[in-house]
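These notes are about the structure you will find just below.
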Amino acid sequence: MRFTGEHVDYVVIGAGIAGASVAAELAANGSVLLIERENQPGYHTTGRSAALFSQVYGPDQIRALSRASSRFYQNPPPGFTEHQLVHRRPVALMGRSDQADTVHAEFEQVRGRGDVSLITGNQLREMMPLLREGYAACALLENDSADIEVHALHQGYLRQLRERGGQLRTTSEVLGLSNANGCWSIETNQGRSYASTVINTAGAWADEIAGLAGTSRVGLVPKRRTALIVDAPEGHADNQWPMVVDIDEQFYLKPDAGKLLLSPADETPSPPCDAQPEEIDIAICIDRVQQAFDLDVRHIGNRWAGLRSFVADGVPVVGYADDVPGFFWLAGQGGYGIQTAPAMARVAAALIKDDQIPDDIAEEGVEIARLSPLRRTLTSEVT
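First residue of the sequence shown? That's 1 in the UniProt record's numbering, and the numbers climb one at a time after it.
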């Protein structure tokens, strides 16, 4: 079916968690068309996430957005979902003796933010018996972190979008974008639509969408992240075990439905694509994990890869471009897009409508200038 000539207030490009959430927010007060190139929303990064909620993970703006999202996860709006969105999962940022200073420095940064404590390697081993004796010197333990039910979250936003009168159109690839007299024309393989505002939530493809729109790119770099599922010793992983992350992000291990999810925490630059795991990354993952854990990996049950997209300073890009009218960025969420989605969507919706961001989000320390596509640090790495 071809669609020709429809006009909406907002066209949102990309139906992963960023697109679904901001589209649902905007649909409360305007007409919204959410378009997705694949035949199902969330096919790429959203559907491949390890899905952790942590208030101490990432740069300070990510932490602020995560804190501002916490209330939503604990108490979603009535009718949003029939499922609990989060399930408690402690996270330990672990260090060997040569990494102990890094663990202590990280703890000082997050002290007083959530339920965090500094524990010894022996204490961590009591919580995670697979840890090799003597491997860890210490760990930063976050007790109030949680697993996120990504499917329930994503579907909740898509349901909210529909209930508010918004449209989702899949298998709809953007072929061209042009602006005349403040009106955007969006040409897809299914026809043409018009909108006052285009919101770019295209993930790894966001710079390509910017190119079609004739606006400056932000230097987005998609980076491949590999994951695999293996059996636990004795056949079943205790769901009470924490997720354990190397403090320098060289690997992590996480219980997952009775098995173990492993990752080398790789960040290999990649063109936008349907990411697939590389054998070398799988081998590196197993080697690193087996050095830290008493785990003999003989069989891999499942393996996959996804793309996490970053700009140079590692902070998301949220705001209007300044060289074309009505083109709004919501991209560069890195590995934090799901855990920050509730607050990020509310921030984006407010900025799109030229409103102030909600007070409860501003109070957590979210700074619009730090997220802006016009910021000085966008193309220079912050150390």
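Positions of the beta carbon are idealized from the N, C-alpha and C atoms, including for glycine.
| Item | Value |
| --- | --- |
| How big is the Cα-Cα spacing for G165 and Y43? | 23 Å |
| With distances taken between CB atoms, is the gap from I13 to V198 smaller than 8 Å? | yes |
| Could you tell me which residues DSSP pairs with Q167 in its beta bridges? | L33 |
| What would DSSP say about I280, mapped onto helix, strand or coil? | helix |
| Examine the Cβ distances between the stretch 78–85 and the stretch 148–156 and report whether three or more of them are shorter than 8 Å. | yes |
| Measure the alpha-carbon distance for T383 versus E106 and round it to whole angstroms. | Low per-residue confidence applies at T383: pLDDT is 38, beneath 50, and the placement is therefore not dependable, though the value from the model is reported in the following sentence. Between T383 and E106, the C-alpha separation is close to 15 Å. |
| Just to confirm my understanding: we take S97, look at its own chain, exclude 5 residues before and 5 after, and list those with CB closer than 8 Å. What are they? | A137 |
| Express the C-alpha separation of R298 and V347 in angstroms, rounding to a whole number. | 46 Å |
| Is it right to say L371 is buried, meaning 16 or more other beta carbons lie within 10 angstroms of its own, or is it exposed? | buried |
| Taking 8 Å as the cut-off, does the stretch 351–367 touch the stretch 56–66 (at least 3 CB pairs, one atom from each stretch)? | yes |
| Quick one: Cα of Q276 to Cα of N181, how far? | 42 Å |
| D9 and V86 - do their beta-carbons sit closer together than 8 Å? | no |
| What do you reckon, are the CB atoms on D294 and L130 nearer than 8 Å? | yes |
| Can you look up T188 in the DSSP assignment and give me helix, strand or coil? | strand |
| Looking only at its chain, what residues have a beta carbon closer than 6 Å to the beta carbon of V110, apart from the 5 residues adjacent to it on each side? | V56 and V116 |
| Spell out whether any CB of chain D is found under 8 Å from the CB atom of L124. | Any reference to chain D falls outside this structure, which holds one protein chain only. |
| Could you name the residues of the same chain whose beta carbon sits closer than 7 Å to that of R37, not counting the 5 residues immediately before and after it, in chain order? | S172 and E173 |
| Inspect the beta-carbon positions of P255 and T226 and report whether they are closer than 8 Å. | no |
| Between which two residues does the beta strand (DSSP E) carrying E173 extend? | Counting along the chain, E173 falls outside any beta strand (DSSP E), and DSSP gives it neither H nor E. |
| Quick check on DSSP: helix, strand or coil for E133? | coil |
| Beta-carbon within less than 6 Å of S178's beta-carbon, same chain only, minus the 5 sequence neighbours each way: which residues are those? | S185 |
| Please name the residue or residues paired with P255 in a DSSP beta bridge. | L260 |
| Between E187 and the rest of its own chain, which residues show a CB-CB distance below 6 Å, the 5 nearest in sequence each way excluded? | L175 and G176 |
| Can you tell me whether G337 is helix, strand or coil according to DSSP? | coil |
| Specify, as a first and last residue, the run of the alpha helix (DSSP H) that T102 falls within. | A100 to V110 |
| Decide if the stretch 277–285 is in contact with the stretch 207–216; the criterion is three or more beta carbon pairs, one per stretch, under 8 Å apart. | no |
| Report buried or exposed for N29, applying the criterion of at least 16 other Cβ atoms within 10 angstroms of its Cβ. | exposed |
| Report the three-state DSSP secondary structure of G219 (helix, strand or coil). | coil |
| Per DSSP, what are the beta-bridge partners of residue 384 in this structure? | Any question about residue 384 goes unanswered here, given that the chain covers just 1 to 383. |
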